[in-house]
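Participant:
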């Protein structure tokens with residue numbers, strides 16, 4: 056195994072692991088802000104309980120995402136120093152702004168939100184979470200701008216003396232055409248993920264014996280406790296129903312946005328990275344018009360030829376160009392074009408940097424899994440809205456709510472992960488498209504042994520963190536929302552302004 060292979064495995068493990076937390080963090084800031092705003096407007100205790108409950112789950116996820124994100128940045132200096140040296144002048148500005156402005160904004164107001172329940176006016180306190188959400192969006196913008204530059208480099212000059220790309224147009228980097236379609240697609244997918252998480256947690260509590268519709272019997276816990284559990288369950292059931300319906304509406308609306316933004320993104324991808332689109336469709340020969348969309352394809356083991364395919368006529372032309380008779384370049388023609396443009400080695404083996412072709416089976420199937428899991432999630436949100444309508448039979452509805460609710464978070468996490476893998480693997484063998492191959496970006500002074508040690512160490516650490524994360528989430532979910540307690544109103548006459556800060560969680 057070569058050093059570049061080990062470095063790629065490490066970066067892939069760290070990135071995919073980190074991205075498990077990112078969409079949930081982005082989306083939960085919005086969901087918690089919505090719940091608290093509903094409580095502020097309606098004074099319904101259920102919304103405050105949902106706010107604090109999902110706020111606690113958000114904080115657990117935020118902490119783990121923060122840790123894994125820091126490690127991901129350290130990787131650039133560990134295994135990818137040549138890449139860091141090449142892109143440093145371009146990446147320095149957006150990543151510095153992300154750290155100094157966006158992250159500080161969200162962390163400052165998150166601290167005010169955590170400690171300010173009994174200090175800030177209620178409207179100001181609710182506004183803090185909205186500002187946290189804006190900070191998270193700003194962080195996403197700057198990070199995705201850096202990644203979009205890797206997909207479509209703009210706003211730079213290459214300095215042959217230093218061997219570096221130098222930033223010449225900051226606005227071009229910030230408003231890269233790839234960035235303009237990637238940002239809404241990623242954020243809307245994050246909203247879907249957080250909504251699925253809320254539905255899943257609420258559905259589990261809805262059908263659990265202690266918290267929801269399946270109330271424990273007298274034989275199981277005794278007559279007195281059964282009656283108390285039943286009374287609490289009747290009250291809590293309506294709260295979980297509200298949480299599921301709000302999340303399902305958000306998920307359905309965001310799902311529509313994901314489809315629209317994904318369609319535009321596909322057209323931009325066809326324009327700036329035609330090989331990625333060809334690999335995503337396993338399209339080997341150029342289609343001058345009416346290119347078919349592959350629903351299912353079986354190819355040769357080396358990925359070079361198609362053996363069997365189920366296709367939808369003309370759909371790929373529309374997805375890639377906006378017209379049913381648009382031309383979509385195939386892998387074989389693009390290989391020849393790239394070989395002429397970038398000087399590929401004629402003797403290069405398949406999947407090596409000299410061929411300029413990504414791993415076809417990986418790109419093909421991750422593209423379909425991304426769309427398939429996302430579509431299942433959107434359909435599931437509509438089903439949840441139907442199952443939780445008031446006139447629905449409670450017994451039948453509860454059984455299906457549990458099944459659908461628990462499946463939704465799994466589907467959306469899988470869709471996000473597959474989408475990220477497709478985005479990065481589809482760009483291969485480039486680490487910066489058209490400028491630097493992945494093989495050229497690795498650190499020259501790192502040995503294979505050192506790289507293996509770092510892979511094992513980080514993977515082991517992340518395995519431990521995964522156990523910690525799941526145990527904390529499971530413990531919090533099993534406990535359920537705390538009973539309603541009216542928080543102090545700093546605007547009231549009897550409020551003690553000199554009372555010390557309290558940690559609400």
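Residue numbers (my numbering): 56 to 560.
Yeah, the Cβ is synthetic: ideal placement off N, Cα and C, and Gly gets one too.
What is the DSSP secondary structure of residue 349, counted as helix, strand or coil?
Facilitator: Within the chain shown, numbered from 1, the residue matching residue 349 stands at position 294. Three-state DSSP puts residue 349 in a strand.
Participant: How about residue 486 and residue 205: do their beta carbons lie closer than 8 Å?
Facilitator: Along the chain shown, read from residue 1 onward, the residue named residue 486 stands at position 431. Along the chain shown, read from residue 1 onward, the residue named residue 205 stands at position 150. The answer is yes: Cβ separation under 8 Å.
Participant: Once you ignore the five residues that flank residue 330 on each side, which residues in its own chain have a CB closer than 6 Å to its CB?
Facilitator: As a working mapping, residue 330 is identified with position 275 in the chain shown. 389, listed in sequence order.
Participant: Could you tell me the distance, in whole angstroms, from the CA atom of residue 442 to the CA atom of residue 539?
Facilitator: In the chain shown, counting from the first residue as 1, residue 442 sits at position 387. In the chain shown, counting from the first residue as 1, residue 539 sits at position 484. Cα to Cα, residue 442 sits roughly 27 Å from residue 539.
Participant: Could you tell me the distance, in whole angstroms, from the CA atom of residue 145 to the CA atom of residue 212?
Facilitator: Stepping through the chain shown from its first residue, residue 145 is reached at position 90. Stepping through the chain shown from its first residue, residue 212 is reached at position 157. Going from the Cα of residue 145 to the Cα of residue 212 covers about 10 Å.
Participant: Check for me: the alpha helix (DSSP H) holding residue 137 runs from which residue to which?
Facilitator: Within the chain shown, residue 137 is the residue found at index 82, counting from 1. Looking at the DSSP string, the run of the alpha helix (DSSP H) that includes residue 137 is 136-152.
Participant: Can you give the beta carbon distance from residue 339 to residue 387, rounded, assuming they're within the 8 Å contact cut?
Facilitator: The count along the chain shown starts at 1 and reaches residue 339 at position 284. The count along the chain shown starts at 1 and reaches residue 387 at position 332. That belief holds up - the Cβ atoms of residue 339 and residue 387 are roughly 5 Å apart, short of 8 Å.
Participant: Compare the C-alpha of residue 379 against each of 365, 343 and 147 and name the closest.
Facilitator: Residue 379 sits at position 324 when you count from the first residue of the chain shown. Among 365, 343 and 147, the Cα nearest to that of residue 379 belongs to 343.
Participant: Once the 5 residues before and after residue 258 are set aside, which same chain residues still bring their CB inside 6 Å of it?
Facilitator: As a working note, residue 258 is residue 203 in the chain shown. These residues qualify, in order along the chain: 456, 457 and 460.
Participant: Report, in whole angstroms, the separation of the C-beta atoms of residue 131 and residue 138, which I expect to be a contact under 8 Å.
Facilitator: As a first step, residue 131 must be located in the chain shown, where it is residue number 76. As a first step, residue 138 must be located in the chain shown, where it is residue number 83. Residue 131 to residue 138, Cβ: 7 Å. Contact.
Participant: Applying the 10 Å Cβ sphere with the 16-neighbour rule, what's the burial state of residue 444?
Facilitator: Taking the first residue of the chain shown as 1, we reach residue 444 at position 389. So residue 444 ends up on the exposed side.
Participant: Just to confirm the assignment, what range does the beta strand (DSSP E) spanning residue 222 have?
Facilitator: By one-based count along the chain shown, residue 222 stands at place 167. Residues 219-222.
Participant: Per the contact definition of three or more C-beta pairs closer than 8 Å, is the stretch 191-198 in contact with the stretch 149-161?
Facilitator: As far as the Cβ criterion goes, the stretch 149-161 touches the stretch 191-198, which means the pair count is three or higher.
Participant: By how many angstroms is the C-alpha of residue 367 removed from the C-alpha of residue 184?
Facilitator: For the purposes of this step, residue 184 is taken as the residue at position 129 of the chain shown. For the purposes of this step, residue 367 is taken as the residue at position 312 of the chain shown. Their backbone Cα atoms lie some 45 Å apart in a straight line.
Participant: Report yes if the C-beta distance between residue 215 and residue 312 is below 8 Å; otherwise report no.
Facilitator: Translated into positions along the chain shown, residue 215 becomes position 160. Translated into positions along the chain shown, residue 312 becomes position 257. Contact: no.
Participant: Would you mind giving the Cβ-Cβ distance between residue 65 and residue 510, rounded to the nearest angstrom? I have them listed as a contact below 8 Å.
Facilitator: Within the chain shown, residue 65 is the residue found at index 10, counting from 1. Within the chain shown, residue 510 is the residue found at index 455, counting from 1. Going by Cβ atoms, the distance from residue 65 to residue 510 rounds to 5 Å, so yes, they are a contact pair.
Participant: Report the option in 371, 142, 531 and 262 whose CA atom is closest to the CA atom of residue 383.
Facilitator: Residue mapping note: residue 383 aligns to position 328 of the chain shown, counting from 1. When each option's Cα is compared against that of residue 383, the closest is 371.
Participant: Based on Cα-Cα distance, which residue from 470, 466 and 395 lies nearest to residue 421?
Facilitator: Along the chain shown, read from residue 1 onward, the residue named residue 421 stands at position 366. Out of 470, 466 and 395, 470 has the C-alpha closest to the C-alpha of residue 421.
Participant: Please classify residue 491: does DSSP put it in a helix, a strand, or coil?
Facilitator: Looking up residue 491 in the chain shown gives position 436. In the structure shown, residue 491 sits in a strand (DSSP, three-state: E or B).
Participant: What does a CB cutoff of less than 6 Å around residue 102 pick up in its chain, not counting 5 residues either side in sequence?
Facilitator: Looking up residue 102 in the chain shown gives position 47. If we look at residue 102 and ignore the five residues flanking it on each side, its Cβ neighbours are 90, 93 and 94.
Participant: Alpha carbon to alpha carbon, how far is residue 494 from residue 484?
Facilitator: Numbered from 1 along the chain shown, position 439 holds the residue referred to as residue 494. Numbered from 1 along the chain shown, position 429 holds the residue referred to as residue 484. Taking the straight line joining both Cα atoms gives about 8 Å.
Participant: How would you label residue 405, buried or exposed, when you count the other beta carbons within 10 angstroms and need 16 or more for buried?
Facilitator: On the chain shown, position 350 is the one that residue 405 refers to. Residue placement at residue 405 is flagged as unreliable, the pLDDT there being 39, under the threshold of 50; a coordinate-derived value is accordingly withheld.
Participant: Please look up how many angstroms separate the CB atoms of residue 228 and residue 241, rounded, as I've assumed it's under 8 Å.
Facilitator: Against the chain shown, residue 228 aligns to sequence position 173. Against the chain shown, residue 241 aligns to sequence position 186. About 17 Å; that fails the 8 Å criterion.
Participant: Measuring straight from C-alpha to C-alpha, what distance separates residue 302 and residue 87?
Facilitator: Within the chain shown, numbered from 1, the residue matching residue 302 stands at position 247. Within the chain shown, numbered from 1, the residue matching residue 87 stands at position 32. Their backbone Cα atoms lie some 11 Å apart in a straight line.
Participant: Residue 116 and residue 79 - do their beta-carbons sit closer together than 8 Å?
Facilitator: In the chain shown, counting from the first residue as 1, residue 79 sits at position 24. In the chain shown, counting from the first residue as 1, residue 116 sits at position 61. Cβ atoms of residue 79 and residue 116: closer than 8 Å.
Participant: Could you check the C-alpha separation between residue 373 and residue 347 for me, to the nearest Å?
Facilitator: Reading the chain shown from its first residue, position 318 is the one you call residue 373. Reading the chain shown from its first residue, position 292 is the one you call residue 347. Spanning the two alpha carbons is a distance of roughly 9 Å.
Participant: Return the CA-CA distance between residue 333 and residue 385, expressed in angstroms with no decimal places.
Facilitator: The residue labelled residue 333 in the question sits at position 278 within the chain shown. The residue labelled residue 385 in the question sits at position 330 within the chain shown. Whole-angstrom Cα-Cα distance: 6 Å.
Participant: Just to confirm, are residue 536 and residue 98 a CB contact at a threshold of 8 Å?
Facilitator: Walking along the chain shown from the start, residue 536 turns up at place 481. Walking along the chain shown from the start, residue 98 turns up at place 43. Taking 8 Å as the Cβ cut-off, residue 536 and residue 98 do not qualify as a contacting pair.
Participant: Would you decide whether residue 499 is buried or exposed? Buried here means 16 or more other CB atoms lie within 10 Å of its CB.
Facilitator: Numbered from 1 along the chain shown, position 444 holds the residue referred to as residue 499. Looking at its Cβ environment, which holds fewer than 16 other Cβ atoms inside 10 Å, residue 499 is exposed.
Participant: At the level of alpha carbons, what is the spacing between residue 233 and residue 528?
Facilitator: Counting from one through the chain shown, the residue named residue 233 turns up at place 178. Counting from one through the chain shown, the residue named residue 528 turns up at place 473. The straight-line gap from Cα to Cα measures roughly 35 Å.
Participant: Between the C-alpha atoms of residue 163 and residue 365, what's the straight-line distance to the nearest angstrom?
Facilitator: Position 108 of the chain shown holds residue 163. Position 310 of the chain shown holds residue 365. Cα to Cα, residue 163 sits roughly 53 Å from residue 365.
Participant: Going by DSSP, what residue range makes up the alpha helix (DSSP H) through residue 202?
Facilitator: Here residue 202 corresponds to residue number 147 of the chain shown, with the count starting at 1. Residue 202 -> alpha helix (DSSP H) spans 177-206.
Participant: Classify residue 62 as helix, strand or coil using the three-state DSSP reduction.
Facilitator: Sequence index remark: in the chain shown, residue 62 carries index 7 (1-based). Helix at residue 62.
Participant: Taking the alpha carbon of residue 521 as the point to measure from, which residue in 74, 187 and 218 has its own alpha carbon closest?
Facilitator: As a working mapping, residue 521 is identified with position 466 in the chain shown. Of 74, 187 and 218, the residue nearest in Cα terms is 74.
Participant: Going by C-alpha to C-alpha distance, which of 467, 418 and 454 sits closest to residue 430?
Facilitator: If you number the chain shown from 1, residue 430 lands on position 375. The option with the nearest alpha carbon to residue 430 is 467.
Participant: Using 8 Å as the threshold, is the C-beta distance between residue 37 and residue 207 below it?
Facilitator: A question about residue 37 goes unanswered here, because the residues of the chain that appear run from 56 up to 560.
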